[in-house]
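Residue numbers (our numbering): 3 to 679.
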């Protein structure tokens, strides 16, 4: 077992510029929570750190777009994120924020220590500057055309279309996101962490010393190191963040990727005065749970910072996950293409564990995976309900039926009984091995195998039949089923904490430590259980269809928002335009045209006459809704027959970006027949 006295678990700090979504959960917080709960159940000294990353350009951009201050933005989203995590049951020992005074003080002290010990190099370089707003532009304040794929809205640090990492000077036709003007290059001074000086040490520490790390983590680190490391700027020209605490650094803050991981340290300080035993004691194991986009920062940059400071321990493991996609598309905050945690909690009350289960069973541990609502439904109905819930319900209902809920005595056992009981201890060992090696998908499957074991045992032994001929045998069978059920409350507790608390209520038992798992006498003979309820409930198609439709509506809205107006048609003469006679009119009657989806027959009072017009608006309006509506109508259009109906004019409609039609109407009531000019 571990030679460490305690474990420090950190989880990537989510940006406080939006809520938390399922990609964050699957990549970081669900596996971190499983691991923390497991270690606590073993009685280990564990500290689980979380917090909001509240600095950086995404925050300032959000604030600018909404016309509020950065502090307004982080206060809003920090509150949403913290509450969502608490309701979802992510068991942080502390959930802090990088705008806190403790963090500012800690990050400043860390920088000053490295500065005073000569660990930085100062460099003057040319950086884009917005002359109108008189400020240097951080990478994300610059947009332009990607030199790789020609995407016209690439940022100064990355192209969101092709994923290429960029520098601002590589952009074609760069523009300031603040003013829209073309920025100029201007000299500015910054402090750099010379990563090239740490390259030999990183090769030894990672490439030689941590070959057990996950292949995606090890491979990405090796690729960066083999390509040759370069000095990395740790300051930025911004007015939001931790001010650089040295003379001559006015208007500069710590780079968010220097300041954010220090947030783990400042959060620990908030949690306990004994924070140093988690950060400076070699007998503490530090594990970073992150997504793959943070590997370089947590495996190369942050360890180099800690090494430069000199008194801190280094991470023992960084079990980063890959990305989770949604319904075949990349999750995107800016496109609202996500399942947001706070919305899920409102729309699926009491189903926290269903989402945890699905995200763990489908975790992107070695490759990108896809979340679909149909898979979510299938995991719930076919596994949680049909396997786990089914076994638990049958075991407890039969106990109520035969023994009024009292645990019967374990009588004489046969080979099948003994093999079944022995499998509990074997599964315990297998689950432990998977958890210790950060294979959470595998661990969950093995834990669920205990419920499958119980189902098979019940099905094979058929106590509902045997009770008629050998009631003593049934007592043994039911005792074993109840012992399996009690063991489930321990084995599944790290994965499904809400459900196992509910199950303990059915069994009338206390929460047990991990060391008790595998025992075959967790429930004593004569123990009174409570009347059971369903542990899980089926999720119906209509519920899933509503969620799928919600995403389809989002996609439609995104397409509409991105739509570009069609180019103007060729010029027409004024005389040609004047030939069109457009009047105001009122719809008197309306009815759908039989056997069509789009057409509606209208009777319109044009002020000149009352005439029939056939219009393709039936998909967007109901007939009864538009009677009395004043519209614009082209009255001198040659009549034409549509589905056998002569249409005597055309109602003018505006086609929105999503293809929907809207009436072109006067803003106030006017006399029918008024000319539209």
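Note that the Cβ used here is the ideal one computed from N, Cα and C, for glycine as well. Quick caveat, the model's predicted, so the values are computed rather than measured.
Segment limits, beta strand (DSSP E) that includes residue i
i           : result
residue 289 : 286-291
residue 648 : 647-649
residue 43  : Element bounds for residue 43: not the beta strand (DSSP E) but the alpha helix (DSSP H), 32-43.
residue 657 : 655-657
residue 584 : 584-594
residue 52  : 47-54
residue 97  : 96-99
Residue i, buried or exposed, once every other Cβ within 10 Å from all chains shown has been counted against 16
i           : result
residue 232 : exposed
residue 524 : buried
residue 485 : buried
residue 472 : exposed
residue 101 : buried
residue 536 : exposed
residue 629 : exposed
residue 660 : exposed
residue 580 : exposed
residue 255 : buried
residue 638 : exposed
residue 551 : exposed
C-alpha distance - residue i paired with residue j, whole-angstrom precision
i           : j           : result
residue 79  : residue 344 : 11 Å
residue 683 : residue 544 : Look at the range of the chain in this structure, 3 to 679, and you will see that residue 683 is not part of it.
residue 303 : residue 160 : 19 Å
residue 645 : residue 593 : 14 Å
residue 222 : residue 465 : 55 Å
residue 5   : residue 285 : 7 Å
residue 3   : residue 42  : In this predicted model, residue 3 has a pLDDT of only 40, less than 50, meaning its place in the structure is not dependable enough to derive any value.
residue 117 : residue 93  : 36 Å
residue 238 : residue 494 : 46 Å
residue 60  : residue 567 : 29 Å
residue 713 : residue 353 : With the chain running from 3 to 679 in the structure shown, residue 713 is simply not present.
residue 148 : residue 506 : 57 Å
residue 57  : residue 560 : 28 Å
residue 563 : residue 27  : 28 Å
residue 623 : residue 672 : 22 Å
residue 67  : residue 181 : 12 Å
residue 392 : residue 297 : 41 Å
residue 576 : residue 179 : 40 Å
Residue from the options with nearest C-alpha to residue i
i           : options               : result
residue 189 : 176, 125, 440 and 319 : 125
residue 530 : 519, 99, 508 and 548  : 508
residue 234 : 259, 678 and 251      : 259
residue 175 : 158, 169 and 146      : 146
residue 445 : 432, 268 and 677      : 432
residue 85  : 449, 21 and 463       : 21
residue 451 : 541, 427, 472 and 438 : 427
residue 396 : 457, 440, 341 and 421 : 457
residue 272 : 73, 606 and 49        : 49
residue 526 : 574, 477, 495 and 298 : 477
residue 443 : 513, 368 and 503      : 368
residue 487 : 19, 475, 453 and 517  : 453
residue 330 : 424, 374, 103 and 647 : 374
residue 283 : 307, 316 and 269      : 316
residue 502 : 26, 386, 141 and 250  : 386
residue 123 : 192, 248 and 181      : 192
residue 140 : 129, 150 and 133      : 129
residue 648 : 604, 619 and 632      : 604
CB contact below 7 Å: residue i versus chain B
i           : result
residue 622 : Any reference to chain B falls outside this structure, which holds one protein chain only.
Endpoints, the alpha helix (DSSP H) within which residue i is located
i           : result
residue 480 : 473-493
residue 226 : 217-228
residue 457 : 442-463
residue 530 : Segment: none, residue 530 is in no alpha helix (DSSP H) and carries neither H nor E.
residue 580 : 576-580
residue 357 : 354-363
residue 421 : 417-438
residue 87  : 72-90
residue 505 : 499-509
residue 307 : 304-311
Identified DSSP bridge partners for residue i
i           : result
residue 404 : DSSP, once it has assigned bridges, lists no residue as partnering residue 404.
residue 167 : 160
residue 174 : 147
residue 342 : 23
residue 137 : 132
Any non-hydrogen atom of the ligand COA closer than 6 Å to residue i Cβ
i           : result
residue 357 : For the ligand COA, the structure offers nothing, since it holds no ligand at all.
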